[in-house]
Structures are given as structure tokens and as C-alpha cells.
Amino acid sequence: MKILVINSGSSSIKFRLVESTSGETLAGGLLERIGLAEGRMEYRRGSDEKIRTDLPIPNHQFGLSLVLRNLTDPAHGALGSLNEIEAVGHRVVHGGERFTQAVLITPEVISEIEENSFMAPLHNPANLLGIRAAIEMLEGVPNVAVFDTSFHQTMPPVAYVYPLTWDLYKDRGFRRYGFHGTSHQYVAERTAAILGKPVSGLNIIVCHLGNGSSITAVRGGRSIDTSLGFGTMCGVMMGTRSGDVDPAILLELMESHGMSASEVKDLVYKKSGLLGISGVSSDMRDVEQAADAGSERAKLALDLFADKVRKYIGGYAVTLGSVDAVTFTAGIGENGWEIRETICAGLEAIGARLDVEANRCRGQERVVSAPDSRVKLLVVPTNEELMIAIETERILGLRS
Ligand code: AMP
18 MKILVINSGS SSIKFRLVES TSGETLAGGL LERIGLAEGR MEYRRGSDEK IRTDLPIPNH
78 QFGLSLVLRN LTDPAHGALG SLNEIEAVGH RVVHGGERFT QAVLITPEVI SEIEENSFMA
138 PLHNPANLLG IRAAIEMLEG VPNVAVFDTS FHQTMPPVAY VYPLTWDLYK DRGFRRYGFH
198 GTSHQYVAER TAAILGKPVS GLNIIVCHLG NGSSITAVRG GRSIDTSLGF GTMCGVMMGT
258 RSGDVDPAIL LELMESHGMS ASEVKDLVYK KSGLLGISGV SSDMRDVEQA ADAGSERAKL
318 ALDLFADKVR KYIGGYAVTL GSVDAVTFTA GIGENGWEIR ETICAGLEAI GARLDVEANR
378 CRGQERVVSA PDSRVKLLVV PTNEELMIAI ETERILGLRS
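Following the working numbering, the numbering of the sequence shown begins with 18 at its first residue and continues without gaps.
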């Protein structure tokens with residue numbers, strides 16, 4: 018089945034045409050700077066050369082029309098006609114408590130995604146721009162919303178309720194929602210497939226380590242706890258986000274150091290993490306380079322990063338009771354073998370022993386634990402677009 022997967026941001030659209038049965042990417046690309054004077058489109062069919070076009074892209078409708086024109090272009094297209102697109106799968110960041118799984122998009126669903134926008138003000142309205150453009154441009158083609166949060170809706174109250182006051186949860190929806198759900202689900206399912214066991218019988222800890230990071234405890238293919246929460250700054254340390262910090266510091270900064278709420282927000286979301294400690298960059302490669310060149314702050318940033326990840330893995334090992342596998346994914350998890358080595362150096366405590374040689378790989382699906390390791394360690398490149406395509410098929414009743 019040919020499914021167009023769309024990840025729409027406020028000024029960008031990432032797209033991928035997926036053959037969901039084989040998992041093959043037929044074409045894909047990115048539109049950037051939508052609404053600005055100088056826009057840009059990148060398009061690639063299969064493994065062909067990337068085509069880059071600079072042109073103004075006034076809005077998302079125009080952007081999507083460019084995508085569709087390229088997909089059916091006689092020279093570099095991947096479709097004979099638009100009729101071959103059987104469905105569109107949309108990434109939507111926040112589904113709140115309402116959406117426990119992907120859903121066929123109807124006018125009511127659009128209203129509910131709008132209602133959830135207060136929890137993801139930067140993302141949900143932007144996701145809706147892509148949804149509206151697809152409805153307009155591809156008449157009669159079903160659209161499915163796949164939420165970052167829904168995979169985590171299986172968490173028990175003990176994982177999602179914050180010990181503030183009950184009313185804050187019950188009346189105002191302050192609870193842990195979790196994010197990166199599509200990635201965690203894909204990686205957990207791939208981990209089971211690689212180990213040759215049904216996911217229903219496995220306890221897996223998925224470490225999605227990218228610019229944004231989260232760790233999830235997955236029991237029997239279902240999320241039972243995750244490190245991101247109501248928002249996206251808690252949990253482990255990230256590129257520019259602090260992860261868990263003592264809220265007393267933030268209150269003190271506002272009460273006694275004259276910082277406004279928006280300055281504190283800027284601090285914890287944009288100036289902290291790898292960037293804040295290393296003083297070099299939010300990018301793991303730059304921080305590793307600086308550490309190799311002798312920067313003590315960069316070394317500390319790497320040690321802090323590994324320490325936070327390890328503590329979550331240890332905590333979730335206890336939550337799960339026993340662990341079958343720990344899997345690393347996303348930019349850092351897939352590629353950063355040095356930091357994986359540092360993280361795994363502490364995992365003997367849960368019965369996981371790294372094969373140092375096997376671990377020296379980037380961007381490949383691989384078991385990287387020693388043969389006698391009780392807990393398997395794996396690297397699995399994430400594929401959120403394929404997972405969105407598979408979920409889209411499932412919701413349309415075309416896949417069991
Ligand atoms: P993502 O948000 O998943 O795209 O991941 C971005 C992060 O992955 C950045 O911090 C990159 O530095 C990191 N990354 C990408 N390639 C490598 C690599 N070869 N080694 C270490 N980190 C990497």
C-alpha cells in the first residue's frame with residue numbers, strides 16, 4: 018500500500034511516500050521556510066540524487082501541491098498518478114487522554130486536536146496545517162492522525178500522576194503524557210523481531226537519544242513508564258533542555274534573581290543540557306570533539322548525559338521487574354558509539370554487558386551485547402514514518 022506520511026511543522030513539511038508492505042521509501046523530502054520570502058524544497062526518489070529547489074512557498078497548501086507535483090513528475094516522480102496514494106498518515110504531537118491510538122481524521126477529530134493545542138502550542142496547530150492541506154489537495158483519500166502521545170496512554174496512574182494535588186490532574190489535565198511514542202513503539206517491535214520473540218513476552222527499555230531524548234519502559238509491547246512528562250523538558254538531559262532539575266532552583270531564580278517565567282522557560286528549554294554545561298554546542302558530535310580536545314566542561318557534559326540515561330535505565334529495570342533488552346535509537350542512540358559505551362559501562366548492575374567491538378557501529382540494526390549478557394543490548398535505527406504508515410493501515414482495517 019502506498020501511503021504518504023506527513024510531518025507538518027509551522028514553517029516546514031517533512032514527507033515520505035512509503036510502500037508499507039515492504040517498508041520501502043519510494044520518495045521523500047523536506048520543505049522549509051514556508052511563508053518566508055525564500056523557501057526551499059528537497060526531494061529525493063528512492064536512492065536517487067537529492068533535488069534541491071529554492072522558491073517561495075507561501076503556505077502549506079502550496080507546499081503540498083509541490084510535493085504532489087514532484088511525486089508524479091515524469092522524470093523523477095515515484096507515482097504514475099495521484100490515485101495511487103491510498104492514504105495519508107499525519108504525525109500529530111499531542112493526543113491528550115482522548116486519543117489512545119491513531120484515528121481516522123474527521124471534522125470532530127480536527128476539533129479535538131485543536132482542543133489539545135494548549136498542551137502543545139508549537140506543534141498541534143502546525144500539524145493541523147498539514148492535515149487541512151492534505152484534505153484539500155487529495156480529495157477522497159483517507160487521512161489518519163498518529164499521535165506521539167498515544168503509545169504512552171497504557172501507563173498506569175502510578176506512572177502518570179504527579180504528586181502535586183489531585184485536582185491539578187483531574188480538573189486541569191496536569192499529568193505525564195510522554196512523547197516520541199511512535200519511535201518507542203517501532204523500536205520495541207523491531208527489538209522483538211530481531212530477538213526472534215513476540216513483543217508480548219518481552220520487557221524492553223527503549224532509549225530514544227536525539228536532540229530531544231526520552232527513555233521508555235515497555236512491557237509486552239505497551240508503555241508502562243516514560244521519562245518525558247506533561248511537557249518536553251523533563252527526564253534525561255538533552256541537547257538544550259535540562260531534563261529533571263530541582264524546581265526550587267527555578268522558583269528561586271524567579272523570586273530572588275529577577276527572572277521572568279519566559280526567561281526561565283528559555284533557560285530550561287533552550288540554554289541548558291549539553292549546550293549549557295559544555296558551553297560548546299547542543300550537538301553531541303561537537304561536544305565529543307571538544308572533550309577529545311581537552312575541554313573539562315565538555316567531558317562533564319558527556320558524563321552527566323550518560324549518568325542521567327543510566328539512572329533511568331536502572332529505575333525502569335526495577336519498574337519492569339526484569340529486563341530482556343535495552344535498545345538505543347535516534348541520532349545519538351544510533352550513531353554515538355562512544356557515548357553508548359560510556360552509558361553501558363554502568364549496566365552490569367542490571368545484567369547487561371556490552372561487546373565493545375560490536376558496539377563500534379553507526380546507524381545499523383545490531384545486537385551489541387556480549388554473547389553471555391543476560392540482558393541484550395541493541396541498536397535499532399528508528400523509523401517513525403514507517404510506523405505512521407503501518408498505523409495508518411491498521412486504522413483503515415487493512416492490516417491486522
Ligand atoms: P536527532 O534529534 O535524532 O536527529 O539526533 C540529533 C543528535 O544526534 C545530535 O546531538 C547529533 O550530534 C547526534 N549524532 C548524529 N550523528 C552522530 C554521531 N556520529 N555520533 C554522535 N552523535 C551523533
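All residues carry an ideal CB built from backbone N, CA and C; glycine is no exception.
Keep in mind it's a predicted model, so treat the numbers as computed, not measured.
* Hey, out of Val-110, Asn-352, Ala-92, whose CA is closest to His-197's CA? -> Counted from its first residue, the sequence shown places residue 197 at position 180. Ranking the options by Cα distance to His-197, first place goes to Val-110.
* Of the listed residues Gly-56, Glu-103, Arg-239, nearest to Val-223 (C-alpha basis) -> To locate residue 223, count along the sequence shown from 1; it is residue 206. Nearest of Gly-56, Glu-103, Arg-239 to Val-223, Cα basis: Arg-239.
* Asked: Comparing the CB of Asp-90 with every heavy atom of the ligand AMP, is any distance shorter than 7 angstroms?
  -> For the purposes of this step, residue 90 is taken as the residue at position 73 of the sequence shown. It does not: the Cβ of Asp-90 is nowhere closer than 7 angstroms to a heavy atom of the ligand AMP.
* Can you tell which of Val-304, Ile-407, Ala-375 has its C-alpha closest to the C-alpha of Val-396? -> The residue you call residue 396 lines up with position 379 of the sequence shown. With distances taken between Cα atoms, Val-396 lies closest to Ala-375.
* Asked: For the segment 295-313 against the segment 152-169, are there 3 or more C-beta pairs whose distance is under 8 angstroms?
  -> Contact between the segment 295-313 and the segment 152-169 is absent, with fewer than three C-beta pairs closer than 8 angstroms.
* To do: May I ask you to verify whether the segment 77-86 touches the segment 115-125, counting CB pairs closer than 8 angstroms and requiring at least 3?
  => Touching, no.
* **DSSP state of Val-262 mapped onto helix, strand, coil** => Taking the sequence shown and counting its residues from 1, the one referred to as residue 262 is at position 245. Coil.
* Asked: For the 8 angstroms Cβ check, are there 3 or more pairs between the segment 182-197 and the segment 53-66?
  -> Because the criterion of three Cβ pairs below 8 angstroms is not met, the segment 182-197 and the segment 53-66 do not touch.
* **Close-in-space but distant-in-sequence residues of the same chain around Arg-115 (CB under 6 angstroms, 5 per side omitted)** => Position 98 of the sequence shown, counting from 1, holds the residue named residue 115. Excluding sequence neighbours, Arg-115 sits near Glu-129.
* Identity of the residue in Asp-372, Ile-102, Leu-364 nearest Val-158 by Cα -> For the purposes of this step, residue 158 is taken as the residue at position 141 of the sequence shown. Among Asp-372, Ile-102, Leu-364, the Cα nearest to that of Val-158 is on Ile-102.
* Per DSSP, cross-strand counterpart(s) of Ala-369 -> The residue given as residue 369 occupies position 352 in the sequence shown. Paired residues: Val-392.
* Compute every distance between the C-beta of Ala-347 and the non-hydrogen atoms of the ligand COA, then say whether any falls below 7 angstroms. => You won't find the ligand COA in this model; what it holds is the ligand AMP.
* Which whole runs of the alpha helix (DSSP H) in the segment 282-339 are 4 residues long or more, in chain order? -> For the alpha helix (DSSP H) assignment, the uninterrupted runs of no fewer than 4 residues enclosed by the segment 282-339 are, from N- to C-terminal side, 290-295, 301-309, 313-337.
* Asked: Can we count Arg-207 as close to the ligand AMP, meaning its CB is less than 7 angstroms from some heavy atom?
  -> Residue mapping note: residue 207 aligns to position 190 of the sequence shown, counting from 1. Result no, Cβ not under 7 angstroms from the ligand AMP.
* Pick out whichever of Gly-414, Glu-269, Met-404 has its Cα sitting closest to the Cα of Gln-202. => Stepping through the sequence shown from its first residue, residue 202 is reached at position 185. The residue with the shortest Cα to Cα distance from Gln-202 is Met-404.
* To do: Confirm the yes/no value for this check: CB of Met-404, any heavy atom of the ligand AMP, distance under 7 angstroms.
  => Stepping through the sequence shown from its first residue, residue 404 is reached at position 387. No - the ligand AMP has no heavy atom lying nearer than 7 angstroms to the Cβ of Met-404.
* Asked: So Ser-386 is in the beta strand (DSSP E); what residue range does that whole segment cover?
  -> In the sequence shown, counting from the first residue as 1, residue 386 sits at position 369. Element bounds for Ser-386: n/a, residue is neither H nor E.
* Could you please give the first and the last residue of the uninterrupted beta strand (DSSP E) stretch that includes Met-58? => Residue 58 sits at position 41 when you count from the first residue of the sequence shown. Annotation for Met-58: the continuous beta strand (DSSP E) segment containing it runs 57-62.
* Got a sec, what are the start and stop residues for the beta strand (DSSP E) Asn-24 sits in? -> Numbered from its first residue, the sequence shown carries residue 24 at position 7. Run containing Asn-24: 19-25, per the beta strand (DSSP E) assignment.
* Asked: Can you give the beta carbon distance from Ile-20 to Gly-147, rounded, assuming they're within the 8 angstroms contact cut?
  -> Along the sequence shown, one-based indexing puts residue 20 at 3. Along the sequence shown, one-based indexing puts residue 147 at 130. Going by Cβ atoms, the distance from Ile-20 to Gly-147 rounds to 14 angstroms, so no, they are not a contact pair.
* To do: Determine contact between the segment 332-344 and the segment 228-237, defined as no fewer than three beta-carbon pairs at a distance below 8 angstroms.
  => Touching, yes, given that three or more Cβ pairs across the two stretches are closer than 8 angstroms.
* **Any chain C beta carbon closer than 8 angstroms to Pro-91** => The question asks about chain C, but that chain is absent: this structure has only one protein chain.
* Name the DSSP beta bridge partners of Cys-361, please? -> Taking the sequence shown and counting its residues from 1, the one referred to as residue 361 is at position 344. Paired residue(s): none; Cys-361 is not in a bridge.
* Please name the residue or residues paired with Thr-346 in a DSSP beta bridge. => Taking the first residue of the sequence shown as 1, we reach residue 346 at position 329. Beta-bridge analysis with DSSP links Thr-346 to His-225.
* Check whether the Cβ of Gly-332 lies closer than 7 angstroms to any heavy atom of the ligand AMP, and answer yes or no. => Taking the sequence shown and counting its residues from 1, one reaches residue 332 at position 315. No, the ligand AMP has no heavy atom inside 7 angstroms of this Cβ.
* DSSP on His-107, reduced to helix/strand/coil? -> The residue given as residue 107 occupies position 90 in the sequence shown. Reduced to three states, the DSSP call for His-107 is strand.
* **DSSP-derived helix/strand/coil call for Arg-86** => Residue numbering aside, residue 86 sits at position 69 when the sequence shown is read from its first letter. The answer is helix: DSSP assigns Arg-86 an H, G or I state.
* Which value, in whole angstroms, describes the spacing of the CA atoms of Gly-350 and Lys-393? -> Start at 1 with the first residue of the sequence shown, and residue 350 comes out as number 333. Start at 1 with the first residue of the sequence shown, and residue 393 comes out as number 376. A direct Cα-to-Cα measurement between Gly-350 and Lys-393 gives close to 15 angstroms.
* Starting from Ala-92, follow the beta strand (DSSP E) in both directions and report where the run begins and ends. => Your numbering for residue 92 matches position 75 in the sequence shown. Judged by DSSP secondary structure, Ala-92 falls outside any beta strand (DSSP E); it is assigned neither H nor E.
* To do: Examine the ligand AMP and report whether any of its heavy atoms sits within less than 7 angstroms of the Cβ of Gly-227.
  => By one-based count along the sequence shown, residue 227 stands at place 210. In terms of side-chain proximity, the C-beta atom of Gly-227 is found nearer than 7 angstroms to a non-hydrogen atom of the ligand AMP.
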